[in-house]
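82 is the number that the numbering used here gives to position 82 of the sequence shown; each next residue is one higher, with no gaps.
Idealized CB from N, CA, C, for every residue including glycine.
See below for the structure under consideration.
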Amino acid sequence: MKKLLPYLLASALALPAAAQQHSEQHHVNYIPPKDPLVQQKLDQWQDVKFGLMMHWGTYSQWGIVESWSLCPEDEGWCERRGPHSHSWYEYKKAYEDLPKSFNPVKFNPEKWAKAAKNAGMKYVVFTTKHHDGFSMFDTKQSDYKITNTPFGSNPRSNVAKEIFSAFRNEGFMTGAYFSKPDWHSNDYWWSYFPPKDRNPSYHPEKYPEKWENFKKFTYNQIEELMTDYGKIDILWLDGGWVRPESTIDTTVSWQKTIPFDQDINMAKIAGMARSHQPGLLVVDRTVTGEFENYVTPEQQIPDEYLAIPWESCMTMGSSWSYVPKENFKSTHQLVHTLVDIVAKGGNLLLNVAPGPDGEWHDEAYQRLEEIGTWIKVNGEGIYGTTPVAPYRQGKWAFTQKGDTKYAFYMAEPGEALPTRVQIEGITIPAKARITMLGAKKPLRVKNGTIEVPAGTPAQPVYGFVIN
1 MKKLLPYLLA SALALPAAAQ QHSEQHHVNY IPPKDPLVQQ KLDQWQDVKF GLMMHWGTYS
61 QWGIVESWSL CPEDEGWCER RGPHSHSWYE YKKAYEDLPK SFNPVKFNPE KWAKAAKNAG
121 MKYVVFTTKH HDGFSMFDTK QSDYKITNTP FGSNPRSNVA KEIFSAFRNE GFMTGAYFSK
181 PDWHSNDYWW SYFPPKDRNP SYHPEKYPEK WENFKKFTYN QIEELMTDYG KIDILWLDGG
241 WVRPESTIDT TVSWQKTIPF DQDINMAKIA GMARSHQPGL LVVDRTVTGE FENYVTPEQQ
301 IPDEYLAIPW ESCMTMGSSW SYVPKENFKS THQLVHTLVD IVAKGGNLLL NVAPGPDGEW
361 HDEAYQRLEE IGTWIKVNGE GIYGTTPVAP YRQGKWAFTQ KGDTKYAFYM AEPGEALPTR
421 VQIEGITIPA KARITMLGAK KPLRVKNGTI EVPAGTPAQP VYGFVIN
(Lines of atoms letter the chains of each structure in order from A; the text may use other names.)
(Lines give C-alpha, C1' and ligand atoms only; values in the text may rest on other atoms or scores of the structure.)
Protein backbone atom coordinates (compact mmCIF):
# COMPACT_ATOMS: atom_id res chain seq x y z
CA MET A 1 0.00 0.00 0.00
CA LYS A 2 2.78 2.46 0.88
CA LYS A 3 4.47 1.74 -2.46
CA LEU A 4 1.24 2.04 -4.39
CA LEU A 5 -0.07 5.32 -2.99
CA PRO A 6 2.43 7.78 -4.55
CA TYR A 7 1.69 6.46 -8.04
CA LEU A 8 -2.05 6.57 -7.51
CA LEU A 9 -1.93 9.99 -5.96
CA ALA A 10 0.00 11.34 -8.92
CA SER A 11 -2.73 10.02 -11.18
CA ALA A 12 -5.45 11.74 -9.14
CA LEU A 13 -3.67 15.09 -8.97
CA ALA A 14 -3.14 15.14 -12.72
CA LEU A 15 -6.87 15.64 -13.20
CA PRO A 16 -8.94 18.81 -13.16
CA ALA A 17 -11.58 16.72 -11.29
CA ALA A 18 -14.67 15.13 -12.77
CA ALA A 19 -14.98 17.69 -15.53
CA GLN A 20 -13.09 14.97 -17.42
CA GLN A 21 -16.26 12.96 -17.62
CA HIS A 22 -18.08 15.13 -20.09
CA SER A 23 -18.56 18.66 -21.30
CA GLU A 24 -21.89 20.04 -20.10
CA GLN A 25 -24.19 21.92 -22.48
CA HIS A 26 -26.68 24.45 -21.23
CA HIS A 27 -29.86 23.10 -22.67
CA VAL A 28 -32.24 25.12 -24.82
CA ASN A 29 -34.85 22.37 -24.97
CA TYR A 30 -35.73 22.34 -21.28
CA ILE A 31 -39.14 20.84 -20.46
CA PRO A 32 -40.70 22.25 -17.26
CA PRO A 33 -42.34 19.66 -15.00
CA LYS A 34 -46.13 19.46 -15.14
CA ASP A 35 -46.71 17.78 -11.78
CA PRO A 36 -47.68 20.52 -9.25
CA LEU A 37 -45.77 18.71 -6.47
CA VAL A 38 -42.61 18.63 -8.58
CA GLN A 39 -43.09 22.31 -9.45
CA GLN A 40 -43.41 23.09 -5.75
CA LYS A 41 -40.28 21.08 -4.89
CA LEU A 42 -38.37 22.79 -7.72
CA ASP A 43 -39.36 26.22 -6.37
CA GLN A 44 -38.18 25.18 -2.91
CA TRP A 45 -34.89 23.90 -4.30
CA GLN A 46 -34.30 27.11 -6.27
CA ASP A 47 -34.71 29.12 -3.07
CA VAL A 48 -32.08 27.26 -1.02
CA LYS A 49 -29.22 28.11 -3.42
CA PHE A 50 -26.32 26.28 -1.73
CA GLY A 51 -25.76 22.55 -1.29
CA LEU A 52 -23.14 19.98 -0.33
CA MET A 53 -22.06 17.08 -2.51
CA MET A 54 -19.95 14.18 -1.28
CA HIS A 55 -18.09 11.67 -3.46
CA TRP A 56 -17.11 8.76 -1.26
CA GLY A 57 -16.22 5.16 -1.98
CA THR A 58 -13.47 2.56 -1.65
CA TYR A 59 -11.35 4.57 -4.13
CA SER A 60 -10.63 6.97 -1.24
CA GLN A 61 -8.23 4.34 0.18
CA TRP A 62 -5.88 4.80 -2.77
CA GLY A 63 -6.43 8.55 -3.01
CA ILE A 64 -7.38 8.26 -6.69
CA VAL A 65 -10.03 9.52 -9.07
CA GLU A 66 -13.47 8.04 -8.42
CA SER A 67 -14.12 4.93 -10.57
CA TRP A 68 -12.47 6.18 -13.75
CA SER A 69 -9.18 4.29 -13.45
CA LEU A 70 -11.23 1.15 -14.19
CA CYS A 71 -12.36 2.49 -17.54
CA PRO A 72 -10.29 1.08 -20.45
CA GLU A 73 -10.25 4.32 -22.43
CA ASP A 74 -7.11 6.13 -23.50
CA GLU A 75 -7.91 9.31 -21.60
CA GLY A 76 -5.88 11.09 -18.93
CA TRP A 77 -8.49 10.63 -16.23
CA CYS A 78 -8.59 6.86 -16.83
CA GLU A 79 -4.85 6.38 -16.52
CA ARG A 80 -3.78 3.61 -14.15
CA ARG A 81 -0.77 3.94 -11.88
CA GLY A 82 1.01 1.66 -9.46
CA PRO A 83 2.10 -2.00 -9.35
CA HIS A 84 -1.01 -3.36 -11.10
CA SER A 85 -1.13 -0.80 -13.91
CA HIS A 86 0.45 -3.06 -16.55
CA SER A 87 -2.65 -5.27 -16.66
CA TRP A 88 -6.23 -4.01 -16.65
CA TYR A 89 -7.42 -7.36 -15.31
CA GLU A 90 -5.00 -7.34 -12.39
CA TYR A 91 -5.81 -3.71 -11.68
CA LYS A 92 -9.55 -4.37 -11.68
CA LYS A 93 -9.10 -7.28 -9.29
CA ALA A 94 -6.99 -5.20 -6.89
CA TYR A 95 -9.49 -2.35 -7.11
CA GLU A 96 -12.44 -4.64 -6.44
CA ASP A 97 -10.60 -6.11 -3.45
CA LEU A 98 -10.57 -2.69 -1.77
CA PRO A 99 -13.81 -3.42 0.17
CA LYS A 100 -11.89 -6.07 2.12
CA SER A 101 -10.02 -3.27 3.91
CA PHE A 102 -12.56 -0.41 3.85
CA ASN A 103 -13.22 0.59 7.47
CA PRO A 104 -14.10 4.30 7.95
CA VAL A 105 -14.10 4.20 11.75
CA LYS A 106 -14.27 8.02 12.12
CA PHE A 107 -17.58 8.22 10.24
CA ASN A 108 -19.68 10.90 11.93
CA PRO A 109 -22.36 12.36 9.61
CA GLU A 110 -23.74 14.62 12.35
CA LYS A 111 -20.41 16.46 12.39
CA TRP A 112 -20.63 16.96 8.61
CA ALA A 113 -24.25 18.09 8.79
CA LYS A 114 -23.52 20.69 11.47
CA ALA A 115 -20.50 22.04 9.58
CA ALA A 116 -22.51 22.26 6.36
CA LYS A 117 -25.45 23.93 8.10
CA ASN A 118 -23.16 26.51 9.73
CA ALA A 119 -21.74 27.24 6.26
CA GLY A 120 -25.24 28.06 5.02
CA MET A 121 -25.74 24.91 2.96
CA LYS A 122 -29.33 23.71 2.77
CA TYR A 123 -29.31 20.50 0.70
CA VAL A 124 -27.06 17.47 0.32
CA VAL A 125 -26.38 15.10 -2.59
CA PHE A 126 -24.52 11.93 -1.62
CA THR A 127 -22.98 9.35 -3.96
CA THR A 128 -24.95 6.22 -3.11
CA LYS A 129 -23.22 4.45 -6.02
CA HIS A 130 -20.61 5.66 -8.52
CA HIS A 131 -19.71 4.05 -11.87
CA ASP A 132 -17.54 1.38 -10.23
CA GLY A 133 -20.76 -0.16 -8.88
CA PHE A 134 -19.79 -0.15 -5.21
CA SER A 135 -22.94 0.66 -3.23
CA MET A 136 -22.60 2.97 -0.25
CA PHE A 137 -25.96 1.64 0.94
CA ASP A 138 -27.21 -1.77 2.03
CA THR A 139 -28.55 -2.92 -1.33
CA LYS A 140 -30.09 -6.37 -1.61
CA GLN A 141 -29.18 -6.55 -5.31
CA SER A 142 -25.40 -7.00 -4.87
CA ASP A 143 -22.76 -8.05 -2.35
CA TYR A 144 -20.47 -5.28 -3.59
CA LYS A 145 -21.48 -2.82 -0.90
CA ILE A 146 -20.45 -0.94 2.23
CA THR A 147 -22.18 -3.37 4.59
CA ASN A 148 -19.97 -6.18 3.24
CA THR A 149 -16.71 -4.65 4.48
CA PRO A 150 -14.90 -4.60 7.84
CA PHE A 151 -17.14 -1.60 8.60
CA GLY A 152 -20.16 -3.86 8.14
CA SER A 153 -20.09 -4.81 11.82
CA ASN A 154 -20.53 -1.15 12.78
CA PRO A 155 -24.14 -0.31 13.71
CA ARG A 156 -23.90 2.70 11.34
CA SER A 157 -22.54 0.72 8.40
CA ASN A 158 -25.43 1.66 6.10
CA VAL A 159 -23.78 5.02 5.60
CA ALA A 160 -26.24 6.43 3.03
CA LYS A 161 -29.11 5.99 5.49
CA GLU A 162 -27.07 7.56 8.29
CA ILE A 163 -26.04 10.52 6.13
CA PHE A 164 -29.54 11.24 4.89
CA SER A 165 -30.90 11.02 8.44
CA ALA A 166 -28.22 13.29 9.94
CA PHE A 167 -28.71 15.99 7.30
CA ARG A 168 -32.50 15.71 7.34
CA ASN A 169 -32.38 16.29 11.10
CA GLU A 170 -30.59 19.60 10.40
CA GLY A 171 -33.35 20.68 7.99
CA PHE A 172 -31.61 19.77 4.73
CA MET A 173 -33.22 18.67 1.51
CA THR A 174 -31.71 15.28 0.64
CA GLY A 175 -30.48 14.03 -2.72
CA ALA A 176 -29.31 10.59 -3.81
CA TYR A 177 -26.59 10.56 -6.47
CA PHE A 178 -26.85 7.29 -8.41
CA SER A 179 -24.75 6.12 -11.35
CA LYS A 180 -26.80 4.56 -14.15
CA PRO A 181 -23.78 2.64 -15.54
CA ASP A 182 -22.44 -0.05 -13.22
CA TRP A 183 -19.02 -1.43 -14.16
CA HIS A 184 -19.18 -4.16 -11.53
CA SER A 185 -22.44 -5.61 -12.83
CA ASN A 186 -22.06 -8.64 -15.08
CA ASP A 187 -25.16 -7.39 -16.88
CA TYR A 188 -23.35 -4.19 -17.88
CA TRP A 189 -19.71 -5.20 -18.28
CA TRP A 190 -20.45 -8.82 -19.15
CA SER A 191 -17.37 -10.91 -18.41
CA TYR A 192 -17.78 -12.83 -21.69
CA PHE A 193 -16.56 -9.73 -23.55
CA PRO A 194 -13.87 -7.43 -22.15
CA PRO A 195 -15.05 -3.80 -21.97
CA LYS A 196 -13.69 -1.45 -24.62
CA ASP A 197 -14.87 1.77 -22.99
CA ARG A 198 -17.45 3.15 -20.52
CA ASN A 199 -20.34 1.53 -22.39
CA PRO A 200 -21.72 -2.02 -21.97
CA SER A 201 -19.29 -4.70 -23.18
CA TYR A 202 -22.03 -6.18 -25.38
CA HIS A 203 -24.63 -4.81 -27.76
CA PRO A 204 -27.92 -4.53 -25.83
CA GLU A 205 -29.98 -5.15 -28.97
CA LYS A 206 -28.10 -8.38 -29.67
CA TYR A 207 -28.44 -9.62 -26.08
CA PRO A 208 -31.80 -8.22 -24.98
CA GLU A 209 -32.19 -10.55 -21.99
CA LYS A 210 -28.89 -9.35 -20.56
CA TRP A 211 -29.93 -5.72 -20.97
CA GLU A 212 -33.35 -6.44 -19.48
CA ASN A 213 -31.63 -7.92 -16.43
CA PHE A 214 -29.57 -4.76 -16.09
CA LYS A 215 -32.68 -2.58 -16.33
CA LYS A 216 -34.34 -4.60 -13.56
CA PHE A 217 -31.22 -4.37 -11.41
CA THR A 218 -31.11 -0.58 -11.83
CA TYR A 219 -34.83 -0.20 -11.17
CA ASN A 220 -34.62 -2.35 -8.03
CA GLN A 221 -31.65 -0.45 -6.58
CA ILE A 222 -33.35 2.90 -7.13
CA GLU A 223 -36.55 1.57 -5.58
CA GLU A 224 -34.56 0.55 -2.50
CA LEU A 225 -33.27 4.11 -2.18
CA MET A 226 -36.75 5.51 -2.65
CA THR A 227 -38.37 3.27 -0.04
CA ASP A 228 -35.87 2.46 2.71
CA TYR A 229 -34.00 5.74 3.25
CA GLY A 230 -36.58 8.24 4.46
CA LYS A 231 -37.74 11.32 2.61
CA ILE A 232 -35.68 11.93 -0.52
CA ASP A 233 -36.04 15.20 -2.44
CA ILE A 234 -33.69 14.67 -5.39
CA LEU A 235 -32.71 11.65 -7.51
CA TRP A 236 -29.47 12.84 -9.13
CA LEU A 237 -28.56 10.43 -11.95
CA ASP A 238 -25.08 10.40 -13.50
CA GLY A 239 -23.54 8.58 -16.45
CA GLY A 240 -25.33 10.34 -19.28
CA TRP A 241 -24.18 7.87 -21.94
CA VAL A 242 -26.79 5.47 -20.57
CA ARG A 243 -29.64 6.98 -22.54
CA PRO A 244 -32.06 6.29 -25.39
CA GLU A 245 -30.39 6.51 -28.78
CA SER A 246 -32.96 9.11 -29.87
CA THR A 247 -31.62 11.55 -27.25
CA ILE A 248 -27.98 11.46 -28.42
CA ASP A 249 -26.85 14.92 -29.52
CA THR A 250 -24.06 14.41 -32.04
CA THR A 251 -23.09 18.09 -31.83
CA VAL A 252 -21.75 17.31 -28.34
CA SER A 253 -18.33 15.66 -28.67
CA TRP A 254 -18.62 13.08 -25.88
CA GLN A 255 -22.06 11.95 -27.04
CA LYS A 256 -20.69 11.06 -30.48
CA THR A 257 -18.92 8.09 -28.87
CA ILE A 258 -22.12 6.45 -27.59
CA PRO A 259 -22.30 3.38 -29.85
CA PHE A 260 -25.86 2.17 -29.34
CA ASP A 261 -29.19 2.57 -27.57
CA GLN A 262 -28.96 2.25 -23.76
CA ASP A 263 -32.56 2.98 -22.83
CA ILE A 264 -33.32 1.98 -19.21
CA ASN A 265 -36.95 3.23 -19.30
CA MET A 266 -36.69 6.44 -17.32
CA ALA A 267 -40.46 6.94 -17.44
CA LYS A 268 -40.94 3.74 -15.48
CA ILE A 269 -38.14 4.58 -13.03
CA ALA A 270 -39.36 8.13 -12.43
CA GLY A 271 -42.97 6.97 -12.04
CA MET A 272 -41.95 4.38 -9.47
CA ALA A 273 -39.68 6.82 -7.63
CA ARG A 274 -42.39 9.48 -7.39
CA SER A 275 -44.96 6.93 -6.23
CA HIS A 276 -42.75 6.52 -3.16
CA GLN A 277 -41.47 10.11 -3.01
CA PRO A 278 -44.20 12.51 -4.26
CA GLY A 279 -42.75 15.67 -5.80
CA LEU A 280 -39.30 14.10 -6.27
CA LEU A 281 -36.93 16.08 -8.47
CA VAL A 282 -35.38 13.81 -11.09
CA VAL A 283 -32.09 14.96 -12.59
CA ASP A 284 -31.20 12.68 -15.50
CA ARG A 285 -28.04 14.61 -16.28
CA THR A 286 -27.50 15.75 -19.89
CA VAL A 287 -30.49 13.75 -21.17
CA THR A 288 -32.64 16.67 -22.24
CA GLY A 289 -36.33 16.12 -21.63
CA GLU A 290 -38.95 15.62 -18.96
CA PHE A 291 -36.60 13.75 -16.61
CA GLU A 292 -34.00 16.50 -16.34
CA ASN A 293 -35.80 18.82 -13.93
CA TYR A 294 -32.75 21.01 -13.68
CA VAL A 295 -29.48 21.10 -15.61
CA THR A 296 -26.05 20.63 -14.08
CA PRO A 297 -23.05 22.37 -15.65
CA GLU A 298 -19.99 20.65 -14.17
CA GLN A 299 -16.95 22.54 -12.87
CA GLN A 300 -18.05 25.66 -14.70
CA ILE A 301 -20.33 28.67 -14.41
CA PRO A 302 -22.40 29.88 -17.39
CA ASP A 303 -21.23 33.18 -18.83
CA GLU A 304 -24.72 34.66 -18.68
CA TYR A 305 -27.97 34.38 -16.73
CA LEU A 306 -29.92 31.20 -17.54
CA ALA A 307 -33.71 31.32 -17.46
CA ILE A 308 -34.08 27.61 -16.63
CA PRO A 309 -33.39 25.83 -13.32
CA TRP A 310 -29.70 24.97 -13.04
CA GLU A 311 -26.95 24.05 -10.64
CA SER A 312 -23.18 24.20 -10.98
CA CYS A 313 -21.61 21.14 -9.35
CA MET A 314 -18.07 22.07 -8.38
CA THR A 315 -15.27 20.83 -6.15
CA MET A 316 -13.98 22.64 -3.08
CA GLY A 317 -10.52 21.39 -4.00
CA SER A 318 -9.16 19.97 -7.25
CA SER A 319 -10.70 16.51 -7.05
CA TRP A 320 -14.17 15.03 -6.63
CA SER A 321 -12.67 12.16 -4.67
CA TYR A 322 -10.43 12.22 -1.62
CA VAL A 323 -6.73 12.85 -2.14
CA PRO A 324 -4.35 13.05 0.84
CA LYS A 325 -3.01 16.50 -0.09
CA GLU A 326 -5.89 18.45 -1.57
CA ASN A 327 -5.50 21.86 -3.20
CA PHE A 328 -8.44 23.71 -1.68
CA LYS A 329 -9.83 26.86 -3.25
CA SER A 330 -9.66 29.97 -1.10
CA THR A 331 -12.69 31.16 0.84
CA HIS A 332 -12.55 34.32 -1.26
CA GLN A 333 -12.89 32.30 -4.47
CA LEU A 334 -15.66 30.09 -3.05
CA VAL A 335 -17.78 33.04 -1.92
CA HIS A 336 -17.29 34.73 -5.30
CA THR A 337 -18.39 31.50 -6.97
CA LEU A 338 -21.57 31.32 -4.90
CA VAL A 339 -22.54 34.94 -5.56
CA ASP A 340 -21.76 34.71 -9.28
CA ILE A 341 -23.91 31.58 -9.63
CA VAL A 342 -26.87 32.93 -7.63
CA ALA A 343 -26.84 36.20 -9.60
CA LYS A 344 -27.16 34.20 -12.82
CA GLY A 345 -30.11 32.21 -11.48
CA GLY A 346 -28.38 29.01 -10.34
CA ASN A 347 -27.51 26.95 -7.28
CA LEU A 348 -24.03 25.93 -6.15
CA LEU A 349 -23.49 22.27 -5.24
CA LEU A 350 -20.04 22.20 -3.63
CA ASN A 351 -18.23 18.87 -3.28
CA VAL A 352 -16.24 17.79 -0.22
CA ALA A 353 -14.75 14.28 -0.26
CA PRO A 354 -14.46 12.13 2.88
CA GLY A 355 -11.29 10.10 3.33
CA PRO A 356 -10.87 6.36 3.93
CA ASP A 357 -11.24 6.85 7.69
CA GLY A 358 -14.58 8.63 7.24
CA GLU A 359 -13.32 12.14 7.97
CA TRP A 360 -12.90 15.35 5.97
CA HIS A 361 -9.71 17.34 5.67
CA ASP A 362 -9.34 19.98 8.40
CA GLU A 363 -9.17 22.62 5.68
CA ALA A 364 -12.63 21.65 4.43
CA TYR A 365 -14.09 22.43 7.85
CA GLN A 366 -12.13 25.69 7.92
CA ARG A 367 -13.46 26.78 4.51
CA LEU A 368 -17.03 25.99 5.52
CA GLU A 369 -16.67 27.94 8.75
CA GLU A 370 -15.34 30.97 6.87
CA ILE A 371 -18.09 30.78 4.24
CA GLY A 372 -20.58 30.60 7.11
CA THR A 373 -19.16 33.77 8.65
CA TRP A 374 -19.80 35.60 5.38
CA ILE A 375 -23.23 34.11 4.78
CA LYS A 376 -24.52 34.91 8.28
CA VAL A 377 -24.12 38.58 7.33
CA ASN A 378 -25.10 38.40 3.67
CA GLY A 379 -27.48 35.45 3.35
CA GLU A 380 -30.51 37.72 3.10
CA GLY A 381 -29.36 38.64 -0.41
CA ILE A 382 -28.79 34.97 -1.35
CA TYR A 383 -31.64 32.76 -0.10
CA GLY A 384 -35.08 33.05 -1.63
CA THR A 385 -33.91 35.64 -4.13
CA THR A 386 -34.48 35.86 -7.86
CA PRO A 387 -32.09 37.15 -10.53
CA VAL A 388 -32.48 40.71 -11.74
CA ALA A 389 -30.92 42.46 -14.74
CA PRO A 390 -28.13 43.18 -15.40
CA TYR A 391 -27.29 40.09 -13.24
CA ARG A 392 -23.51 40.64 -13.45
CA GLN A 393 -21.73 43.80 -14.47
CA GLY A 394 -18.08 44.51 -13.81
CA LYS A 395 -17.44 43.78 -10.13
CA TRP A 396 -21.14 43.82 -9.33
CA ALA A 397 -23.70 41.03 -8.96
CA PHE A 398 -27.42 41.52 -8.39
CA THR A 399 -30.35 39.69 -6.82
CA GLN A 400 -33.79 40.74 -5.64
CA LYS A 401 -36.52 39.75 -3.22
CA GLY A 402 -39.85 41.49 -3.72
CA ASP A 403 -39.17 45.23 -4.07
CA THR A 404 -35.74 44.96 -2.47
CA LYS A 405 -32.63 44.74 -4.62
CA TYR A 406 -29.26 43.48 -3.47
CA ALA A 407 -26.03 44.66 -5.07
CA PHE A 408 -22.86 42.72 -4.29
CA TYR A 409 -19.45 44.28 -4.75
CA MET A 410 -17.04 41.44 -5.56
CA ALA A 411 -13.68 42.60 -4.26
CA GLU A 412 -10.39 41.38 -5.63
CA PRO A 413 -8.20 39.34 -3.24
CA GLY A 414 -6.73 41.75 -0.71
CA GLU A 415 -8.78 44.69 -1.99
CA ALA A 416 -10.31 47.00 0.62
CA LEU A 417 -13.77 48.37 -0.11
CA PRO A 418 -13.39 51.90 -1.55
CA THR A 419 -14.73 54.74 0.60
CA ARG A 420 -16.96 55.70 -2.30
CA VAL A 421 -18.58 53.23 -4.70
CA GLN A 422 -20.84 53.62 -7.69
CA ILE A 423 -23.02 50.67 -8.53
CA GLU A 424 -22.59 49.71 -12.18
CA GLY A 425 -25.51 48.68 -14.35
CA ILE A 426 -28.47 50.07 -12.40
CA THR A 427 -29.90 53.49 -11.66
CA ILE A 428 -30.48 54.19 -7.99
CA PRO A 429 -33.85 55.92 -7.40
CA ALA A 430 -33.50 59.38 -5.88
CA LYS A 431 -35.37 58.43 -2.71
CA ALA A 432 -33.82 54.97 -2.32
CA ARG A 433 -32.67 53.85 1.10
CA ILE A 434 -29.34 52.05 0.89
CA THR A 435 -27.78 50.02 3.69
CA MET A 436 -25.05 47.44 3.91
CA LEU A 437 -26.00 43.89 4.76
CA GLY A 438 -25.28 43.40 8.44
CA ALA A 439 -25.81 47.10 9.25
CA LYS A 440 -28.99 49.12 9.77
CA LYS A 441 -27.73 52.68 9.38
CA PRO A 442 -28.54 54.16 5.93
CA LEU A 443 -25.60 55.19 3.77
CA ARG A 444 -25.23 58.62 2.25
CA VAL A 445 -25.71 58.75 -1.52
CA LYS A 446 -24.58 61.72 -3.58
CA ASN A 447 -24.94 61.86 -7.35
CA GLY A 448 -25.30 58.09 -7.47
CA THR A 449 -22.16 57.53 -5.40
CA ILE A 450 -22.44 55.65 -2.10
CA GLU A 451 -20.29 56.76 0.80
CA VAL A 452 -18.99 53.74 2.69
CA PRO A 453 -18.29 54.13 6.42
CA ALA A 454 -14.67 53.88 7.49
CA GLY A 455 -13.81 50.70 9.34
CA THR A 456 -16.15 48.47 7.35
CA PRO A 457 -14.95 44.89 8.05
CA ALA A 458 -13.07 43.23 5.19
CA GLN A 459 -15.09 40.68 3.21
CA PRO A 460 -14.63 38.84 -0.08
CA VAL A 461 -17.96 40.25 -1.26
CA TYR A 462 -19.80 43.28 0.16
CA GLY A 463 -23.58 43.37 0.05
CA PHE A 464 -25.71 46.51 -0.36
CA VAL A 465 -29.49 46.63 0.15
CA ILE A 466 -31.51 48.98 -2.02
CA ASN A 467 -35.08 49.75 -0.91
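The shortest CA-to-CA distance from TRP320 to any of TYR95, MET53, PRO181 and TRP88 is the one to MET53. Annotation: ASP35 to TYR391 spans about 30 Å, alpha carbon to alpha carbon. If you draw a straight line from the Cα of ALA416 to the Cα of ASP233, it comes to about 41 Å. Positions of the alpha helix (DSSP H) runs, each at least 4 residues long and wholly inside the stretch 85-157, are given as 88-96 and 109-118 in order along the chain. The C-alpha of ARG156 lies about 43 Å from the C-alpha of TYR305. In the DSSP assignment, LEU437 falls outside any alpha helix (DSSP H) and carries neither an H nor an E. Rounded to whole angstroms, LEU350 and ILE341 show a C-alpha spacing of 12 Å. Segment contact: the stretch 44-63 against the stretch 346-360, three or more CB-CB distances shorter than 8 Å; contact assigned. In this structure, PHE408 and TYR462 form a Cβ contact; the two beta carbons are roughly 7 Å apart against a cut-off of 8 Å. In the structure shown, CYS71 adopts coil according to DSSP, grouped into three states. Beta bridge pairing from DSSP links LEU225 with no other residue.
Looking at the backbone, the Cα of TYR294 and that of VAL242 are separated by about 18 Å. Spanning the alpha carbons of VAL282 and PRO194 requires a straight line of approximately 32 Å. For LYS376, there is no enclosing beta strand (DSSP E); the enclosing alpha helix (DSSP H) covers residues 362-378. Counting the other CB atoms within 10 Å of its CB gives GLU369 a total below 16, which places it among the exposed residues.
In the displayed model, TYR391 falls within a strand according to three-state DSSP.
Within the stretch 248-304, complete alpha helix (DSSP H) segments of at least 4 residues are found at 266-276, given in chain order. With respect to LEU42, PRO309 sits close: the two C-beta atoms are nearer than 8 Å. Annotation for ALA411: no alpha helix (DSSP H) segment contains it, and DSSP assigns it neither H nor E. DSSP, reduced to helix, strand and coil, places ARG420 within a strand of the structure shown. Taking the C-beta atoms as reference points, ASN108 is found no nearer than 8 Å to PRO150. Distance from the Cα of LYS93 is smallest, within the candidate group ARG168, SER191 and ILE163, for SER191. Residue burial annotation: ASN378 is buried, with at least 16 other C-beta atoms found within 10 angstroms of its C-beta. As DSSP reads the structure, ASN347 sits in a beta bridge with GLU311. Looking at ALA113, GLY171, TRP183 and ALA119, the one whose alpha-carbon comes closest to that of LYS129 is TRP183. By the CB criterion at 8 Å, TRP88 and PRO72 fall inside the cutoff. With contacts defined as CB atoms closer than 8 Å, ALA454 and THR399 fail to qualify as a contacting pair.
With fewer than 16 other beta carbons inside 10 angstroms of its own, VAL28 counts as exposed. For GLN400, the uninterrupted beta strand (DSSP E) run begins and ends at 396-401, by DSSP. Checking the DSSP bridge columns, you'll see ALA176 partnered with PHE126 and LEU235.
Rounded to whole angstroms, the separation of the alpha carbons of MET436 and GLU380 is 11 Å.
ALA160 and ALA458 have their C-alpha atoms spaced approximately 39 Å apart. In the three-state reduction of the DSSP assignment, TYR383 falls in the coil class. Counting the other Cβ atoms within 10 Å of the Cβ of LYS122 gives 16 or more, which makes it buried. Annotation: SER275 to ASN186 spans about 29 Å, alpha carbon to alpha carbon.
Taking C-beta atoms as the reference points, VAL287 and THR227 fail to come closer than 8 Å.
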